[in-house]
Amino acid sequence: LLTILPFPTALAAPGPDDNRATPLALPRLSGPITLDGFSDEPAWQAIEPLPMTMIFPTFKGTMTERTEIRVAYDDDYLYVAGRMYDSDPAAIQAVDLVRDAANAQNDWLAIILDSFNDNENALTFWTNPVGMRLDFSVSNDFQSTKYFNKSWSTFWDAAVQRNDQGWFAELRIPFSSLRFQDDNGAVIMGLTTYRDIARKGERHVFPAIPPNWGGTSFGKPSQAQRVRFTGVYSRNPLYVTPYALGGLDQAAALNPAGTD
Numbered sequence: 001l002l003t004i005l006p007f008p009t010a011l012a013a014p015g016p017d018d019n020r021a022t023p024l025a026l027p028r029l030s031g032p033i034t035l036d037g038f039s040d041e042p043a044w045q046a047i048e049p050l051p052m053t054m055i056f057p058t059f060k061g062t063m064t065e066r067t068e069i070r071v072a073y074d075d076d077y078l079y080v081a082g083r084m085y086d087s088d089p090a091a092i093q094a095v096d097l098v099r100d101a102a103n104a105q106n107d108w109l110a111i112i113l114d115s116f117n118d119n120e121n122a123l124t125f126w127t128n129p130v131g132m133r134l135d136f137s138v139s140n141d142f143q144s145t146k147y148f149n150k151s152w153s154t155f156w157d158a159a160v161q162r163n164d165q166g167w168f169a170e171l172r173i174p175f176s177s178l179r180f181q182d183d184n185g186a187v188i189m190g191l192t193t194y195r196d197i198a199r200k201g202e203r204h205v206f207p208a209i210p211p212n213w214g215g216t217s218f219g220k221p222s223q224a225q226r227v228r229f230t231g232v233y234s235r236n237p238l239y240v241t242p243y244a245l246g247g248l249d250q251a252a253a254l255n256p257a258g259t260d
């Protein structure tokens, strides 16, 4: 089941600093990276992590664990790097191993993309501390859990590492796996990213989406941060499936002894 946390008893209104509609220019990677989960290359370290906010259990409460999420891109891919520090790494939770399985007992790193910037539809990508991948689409501004489609899947990669500081993940999403329109390489999308700590019922989110709509607040495309890409072009995906082609040749030959 989709991870939906209970909504709080008091609802908060967006503050005067709420500028989610103003597009944020996402950074391009300045150098090579290796998709290994650690995100310790200079190209990653040159990028500032996004400012995270607790949405559950208390909106704008004090986050009990440190979360660093960076988002960047190049000509072909969107990248997400999450550093999910944990003061009790033995308590990190990952119960699902099979792709597209999901429940609230997993810790998660996720990104939601309103790729058409229509405030209604979005594509989501999640991974847990063992690298299980979950993707699905949402519609109708995620007004309830009936507006998500788990049958949608596409091509993307995830790499995860764990150590005594927490768990660390990188996502690599081809632009060819996304549906969007570009204006001479300029693209505006909506973006939301978050981290779940299952044992605490705690979620850290960017941008600072208030829980006004209950447990689906975090996934509403209309509440995402608008982001800007440059030099990115819509393209159709090219899927290559390896296969072996076998055959049987027949040839006629005379018996060495000769026949009539």
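Numbering (UniProt numbering), first residue to last: 1 to 260. We put the beta carbon where it would ideally sit given N, CA and C, even for glycine.
Provide the residue(s) that pair with residue i in DSSP beta bridges, ordered along the chain.
i           : result
residue 269 : Residue 269 is absent from the structure shown; the chain starts at 1 and stops at 260.
Glu202      : Ile197
Ile188      : Arg228
residue 281 : Lying outside 1 to 260, the shown extent of the chain, residue 281 is not represented and no answer is given.
Trp108      : Asp196
Asp96       : Paired residues: none, contrary to the question.
Gly166      : Tyr85, Asn163
Asn149      : Ser137
Asp183      : Ala186
Arg28       : Tyr73
Residue range of the alpha helix (DSSP H) that residue i falls in?
i     : result
Gln45 : 42-45
Residues in its own chain within less than 7 Å of residue i by CB, not counting five upstream and five downstream?
i      : result
Tyr147 : Val138, Ser139, Asn140
Ser234 : Phe180, Gln181, Asp182
Ile173 : Tyr77, Leu78, Phe125, Trp156
Phe218 : Ile55, Thr192, Tyr194, Arg203, Val205, Ile209
Ile197 : Glu65, Asp107
Pro129 : Ile92, Ala94, Asp107, Val160, Arg162, Trp167
Leu28  : According to the sequence as given, residue 28 is Arg; it is not Leu. Counting only Cβ-Cβ distances below 7 Å, and skipping sequence neighbours, we find Ala72, Tyr73, Asp74.
Which of the three DSSP states, helix, strand or coil, is assigned to residue i?
i           : result
Phe7        : Any reading at Phe7 needs caution, since the residue's pLDDT is 34, under 50, leaving its predicted position unreliable; the model's value is listed next. The answer is coil: DSSP assigns Phe7 none of H, G, I, E or B.
Ser115      : coil
Ser217      : helix
Ala252      : Note that Ala252 scores 40 on pLDDT, short of 50, meaning its location in the model is unreliable and no value can be drawn from it.
Ser222      : helix
residue 261 : Past the edges of the chain, shown from 1 to 260, lies residue 261, and the structure says nothing about it.
Asp36       : coil
Phe142      : helix
Ala244      : Any reading at Ala244 needs caution, since the residue's pLDDT is 49, under 50, leaving its predicted position unreliable; the model's value is listed next. In this structure, Ala244 counts as coil in the three-state DSSP scheme.
In its own chain, which residues sit with a C-beta less than 8 Å from the C-beta of residue i, not counting the 5 before and 5 after it?
i      : result
Asp36  : Ala159, Gln161, Glu170
Thr165 : Here residue 165 is Gln; the residue named in the question, Thr, does not match the sequence. Here the set comprises Tyr85, Asp86, Pro89.
Any idea if residue i is buried or exposed, counting beta-carbon neighbours within 10 angstroms, 16 or more meaning buried?
i           : result
Asp114      : buried
Arg99       : exposed
Glu202      : buried
residue 291 : The shown model of the chain, from 1 to 260, leaves out residue 291, and the question about it has no answer.
Thr34       : exposed
Asn121      : buried
Leu97       : exposed
Asn184      : exposed
Gln225      : buried
Gly231      : exposed
Asn103      : exposed
Pro32       : exposed
Asn39       : Note that residue 39 corresponds to Ser in the displayed sequence, not to Asn. It is buried - the Cβ of Ser39 has at least 16 other Cβ atoms within 10 Å.
Pro211      : buried
Thr145      : exposed
Thr62       : exposed
For residue i, report the span of its beta strand (DSSP E) as first-last.
i      : result
Gln161 : 157-163
Trp126 : 122-127
Asp135 : 133-138
Phe55  : Phe is not the amino acid found at residue 55; the sequence shown has Ile there. Where Ile55 is concerned, the enclosing beta strand (DSSP E) stretches over 53-56.
Going along the chain, which residues of its own chain have a beta-carbon closer than 6 Å to the beta-carbon of residue i, five neighbours each way excluded?
i           : result
Arg222      : The displayed chain sequence assigns Ser, not Arg, to residue 222. Cβ neighbours of Ser222 beyond the five flanking positions: Asn119, Asp141.
residue 263 : No statement about residue 263 is possible, as the shown extent of the chain runs from 1 to 260 and does not include it.
Ile47       : Pro27, Arg70, Ala72
Met132      : Asp96, Leu97
Arg20       : Pro207, Gln225
Ala43       : Leu29, Ser30, Gly31, Ile33
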